[in-house]
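S.K.: Residue numbers (the working numbering): 207 to 395.
Positions of the beta carbon are idealized from the N, C-alpha and C atoms, including for glycine.
This is the structure I have questions about; it appears just below.
See the structure below:
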């Protein structure tokens with residue numbers, strides 16, 4: 207692969223993780239695979255995407271976002287750390303963290319966690335309830351929305367894992383989510 211093809215590949219891979227649209231991501235993965243072939247990372251990307259996205263009862267399901275929501279629900283529990291740790295293990299399973307044991311797997315799962323966080327930030331930006339002051343009345347400012355998302359990312363990546371003594375298990379998520387937040391923040395500025 208010459209230098210120009212390598213730059214195109216890196217650009218496509220970055221776009222693959224920046225784009226939150228499922229069909230756009232599939233098209234980008236097809237372009238990456240056409241450029242460099244069926245590499246271990248491309249096979250892994252395809253396998254992770256196949257398990258991440260599903261259709262249940264006619265509705266599209268994103269298991270990474272499901273994991274995010276499940277992790278967020280742990281913040282409101284006041285008892286049962288053992289049950290919370292079991293639910294946190296389910297979150298890690300939704301995110302396919304077992305694949306992150308190898309370097310290619312770590313890279314792919316980190317990218318998917320980054321993509322999930324970007325998608326969540328995008329969804330928050332469009333959601334009327336998330337952006338309302340009180341039960342749908344009034345709208346919060348862009349700055350307040352940014353602060354609210356930042357607080358939620360800190361809670362998801364640091365507070366909850368620390369409370370469960372699972373900082374190591376969620377370290378990859380913390381790195382990816384904070385990178386996604388920094389990129390989203392710089393794009394808005």
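Considering only C-alpha positions, which residue in the set 258, 277, 262, 238 is nearest to residue 370?
M.R.: Of the listed residues, the one whose Cα sits closest to residue 370 is 277.
S.K.: Check this for me: beta carbons of residue 241 and residue 222, under 8 Å apart or not?
M.R.: Going by C-beta atoms, residue 241 is not nearer than 8 Å to residue 222.
S.K.: In whole angstroms, what separates the C-alpha of residue 356 from that of residue 218?
M.R.: Rounded to the nearest angstrom, the two C-alpha atoms are 28 Å apart.
S.K.: Can you list the alpha helix (DSSP H) stretches of 4 or more residues lying completely in the region 301-376, in chain order?
M.R.: Whole alpha helix (DSSP H) segments, 4+ residues: 309-332, 348-360, 366-369.
S.K.: Residue 311 and residue 250 look like a contact to me (Cβ under 8 Å); what is the Cβ gap, rounded to whole Å?
M.R.: At roughly 6 Å, the Cβ-Cβ gap stays under 8 Å, so residue 311 and residue 250 are in contact.
S.K.: DSSP has residue 259 in a bridge; who is on the other side?
M.R.: Note: residue 259 sits in a beta bridge opposite 268.
S.K.: Return the CA-CA distance between residue 275 and residue 212, expressed in angstroms with no decimal places.
M.R.: Those two C-alpha atoms are separated by around 37 Å.
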